[in-house]
Each structure stands twice: as C-alpha cells, then as structure tokens.
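Protein chains in written order, with my numbering: chain F, 1 to 115; chain G, 116 to 226.
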Amino acid sequence: DTAVSQTPKYLVTQMGNDKSIKCEQNLGHDTMYWYKQDSKKFLKIMFSYNNKELIINETVPNRFSPKSPDKAHLNLHINSLELGDSAVYFCASSQRTSGSIGEQFFGPGTRLTVL
Amino acid sequence: AQSVTQPDIHITVSEGASLELRCNYSYGATPYLFWYVQSPGQGLQLLLKYFSGDTLVQGIKGFEAEFKRSQSSFNLRKPSVHWSDAAEYFCAVGHFNKFYFGSGTKLNVKP
Chain F
1 DTAVSQTPKY LVTQMGNDKS IKCEQNLGHD TMYWYKQDSK KFLKIMFSYN NKELIINETV
61 PNRFSPKSPD KAHLNLHINS LELGDSAVYF CASSQRTSGS IGEQFFGPGT RLTVL
Chain G
116 AQSVTQPDIH ITVSEGASLE LRCNYSYGAT PYLFWYVQSP GQGLQLLLKY FSGDTLVQGI
176 KGFEAEFKRS QSSFNLRKPS VHWSDAAEYF CAVGHFNKFY FGSGTKLNVK P
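1) Taking Cβ to Cβ, would you say T110(F) is nearer than 8 Å to P8(F)?
2) Spatial neighbours of P108(F) within its chain, please: CB distance less than 7 Å, with the 5 preceding and 5 following residues excluded, ordered by chain position.
3) What are the complete beta strand (DSSP E) segments, minimum 3 residues, inside the stretch 122 to 207 of chain G?
4) Is M85(F) helix, strand or coil when you go by DSSP?
5) Could you round the C-beta distance between P66(F) and L76(F) to whole angstroms and report it? I think they count as a contact, below 8 Å.
6) What number of angstroms, rounded off, separates the C-alpha of F182(G) from the C-alpha of N190(G)?
7) Tell whether a beta-carbon distance below 8 Å holds between A3(F) and F105(F).
8) Candidates F178(G), S129(G), P122(G): which alpha carbon is nearest N139(G)'s?
9) Measuring only the C-alpha atoms, how far is C23(F) from D38(F)?
10) Could you run through the stretch 138 to 168 of chain G and flag, in chain order, every residue whose CB is less than 7 Å away from some CB of chain F?
11) Using three-state DSSP, classify M15(F) as helix, strand or coil.
12) Taking CB distances under 8 Å as the criterion, tell me whether F90(F) reaches chain G.
13) Whole beta strand (DSSP E) runs in the stretch 12 to 51 of chain F with 3 or more residues, listed along the chain?
14) Give the DSSP-derived three-state secondary structure of N79(F) in the structure shown.
15) Taking all protein chains shown into account, decide if P146(G) is buried (16 or more other Cβ within 10 angstroms of its Cβ) or exposed.
16) Of the residues that make up the stretch 103 to 114 of chain F, which ones have a beta carbon closer than 8 Å to any beta carbon in chain G?
17) For the ligand MN, I want to know if P108(F) counts as a neighbour, meaning its beta carbon is within less than 7 Å of at least one of the ligand's heavy atoms.
18) Considering only the beta carbon of each residue, do Q153(G) and F205(G) sit closer than 8 Å?
19) Checking 8 Å against the spacing of the C-beta atoms, do F149(G) and L161(G) come in under that value?
20) Where do the ends of the beta strand (DSSP E) carrying V60(F) lie?
21) Within 8 Å, do at least three Cβ pairs link the stretch 128 to 136 of chain G to the stretch 193 to 203 of chain G?
22) Could you list which residues in chain G have their beta carbon closer than 7 Å to that of F119(F), in chain order?
23) Could you name the residues that DSSP lists as bridge partners for I122(F)?
24) State yes or no: is the beta carbon of K143(F) nearer than 8 Å to at least one beta carbon in chain G?
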C-alpha cells in the first residue's frame, strides 16, 4: 500500500517540450508539496497546497504550474522544458496540526532528464 | 531566515563503529526538527523527529538524536553502524508550512 506515489518514475524529454508529473497520497493528509532535488542533492521546496489551496509558491519560473484537483492529488506541469530543469522531483504530504507542520511523507521521486 | 547546516558532506565509518552526524539550525523559536534518510534512487524516509519534551529522541533502525537548544544542534547518532546504513542523511527544520533541509551528509560504510 503505497502512501505517496508519483508517476512517472523516469521522464526523458527534449528541450522545449511540455510534461506533467502526477502525485497521489492515500494518507488522508490535507497538505501536499513539490520539491526539487538538484544534482548536488539539495532539496528545495517549490509549491505547497493545503486543502487544494496554494499556500507556498517559492521563486519558481512560471513555466511550472501545479494543480491540485483534490486533497489527495497534486500534479506538476512544466512548459517549455529547459536543460536546467533536469532534477529529481519529489512529492510529499503532511497533516497540518494547530497551524504548524507535521512530518512529511515523501514519494519515490521522478527523475526528469531534459536533453 | 531559517537555515539548516550539515557541516559534513561525506563521512566514512567502519561497520560496527559508532556514528554521529551533525546538524545545526538557525531559527527564532522552538523548532520542529527531523532527520530523513535517502537510499540511492529512493525517496526520503523519516528516521525520527523532535517536537517538544525529552530532548533525546529515538527513531527507527537504531538511530537517536539529541536536541541541544544552547548549541542549536540536533545531531544524529547510532552506536553501531551496519553496511545497510550507507545512504544520504538530511536534517530538516519545520516551520509552519515549510521544511528547510540541510544539504545532506553522505555516509559510506567500510566493511
């Protein structure tokens, strides 16, 4: 029973293409996140949704557009892919408690390679 | 601004030896602190967390961590390392809706 799942696991594409990554969690959490992990393993938050509402939108190019159709799903669409977008993208979820943060559960990651 | 520092990029220990991975944070209030482990090609798995109370917390796989407010540290320890512990370890601070991750420490285990 996978808690946080992502598809696809690997994505290889050409520069300029548009691609999407999907994330689903079955933990009943109300908050979901997208992180980018670069080649040096540094993890940086990109977006977060709480109850389908965007609550964190870090300095990310507007080519990246998250969408949360419901609390259990958070997708990431990327337009006009660039070489620098190559990274591992992690989805995570958590349950907010008393306005603060709970532990985050991570998906297995999507390795995006832009050629 | 919140920040997390893991001063050791790589650490190599012999199997059976003890381990301590360092983590320092910069944060104005009582932090929510976490340690995650990432095996090659895998996602992040929570090892342990500190929210409040006893400053020595126990986690999975025999790991523990100690919160020291005076030193702004949350170091991870294990008394006897196993070869399967070889992985990347991340310290994180939670603040409202955000996690701030350290840059990670890669642990190699010598037979």
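Cβ coordinates follow ideal geometry from the N, Cα and C atoms, glycine included.
It should be emphasised that the depicted structure is a prediction, and the values quoted were computed from it without experimental measurement.
In terms of the structure at hand:
1) Against a cut-off of 8 Å, the Cβ pair of P8(F) and T110(F) comes out as a contact.
2) Taken in chain order, the residues that qualify are Q6, K9.
3) Those beta strand (DSSP E) runs which fall completely within the stretch 122 to 207 of chain G and span 3+ residues are 125 to 129, 134 to 136, 139 to 141, 147 to 153, 159 to 165, 171 to 173, 179 to 183, 188 to 193.
4) Strictly speaking, residue 85(F) in this sequence is Asp, with Met absent from that position. Three-state result, D85(F): helix.
5) Indeed they touch by this definition, with Cβ atoms about 5 Å apart.
6) Answer to the nearest angstrom: the Cα atoms are 7 Å apart.
7) Contact: yes.
8) The candidate whose alpha carbon is nearest that of N139(G) is P122(G).
9) C23(F) and D38(F) have their C-alpha atoms some 19 Å from each other.
10) Hits within the stretch, in order: Y147, F149, Q157, G158, L159, L161, K164.
11) If DSSP states are grouped into helix, strand and coil, M15(F) belongs with coil.
12) Cβ-Cβ to chain G under 8 Å: yes for F90(F).
13) With a minimum length of 3 residues, the continuous beta strand (DSSP E) runs that stay inside the stretch 12 to 51 of chain F are 19 to 25, 31 to 37, 43 to 50.
14) The answer is coil: DSSP assigns N79(F) none of H, G, I, E or B.
15) Label assigned to P146(G): buried.
16) Those residues of the stretch 103 to 114 of chain F that come within reach of chain G (Cβ to Cβ, closer than 8 Å) are E103, Q104, F105, F106, G107, P108, G109.
17) Summarising the ligand content, the structure contains no ligands, and the ligand MN is consequently not present.
18) Taking 8 Å as the Cβ cut-off, Q153(G) and F205(G) qualify as a contacting pair.
19) Contact flag set, yes.
20) Run containing V60(F): none; DSSP gives neither H nor E here.
21) Because the criterion of three Cβ pairs below 8 Å is met, the stretch 193 to 203 of chain G and the stretch 128 to 136 of chain G touch.
22) With chain F represented from 1 up to 115, any question about residue 119(F) goes unanswered, as that position is not in the structure.
23) It is not possible to answer for residue 122(F), since the shown part of chain F is limited to 1 through 115.
24) Missing from the structure shown is residue 143(F); chain F here goes from 1 to 115 and no further.
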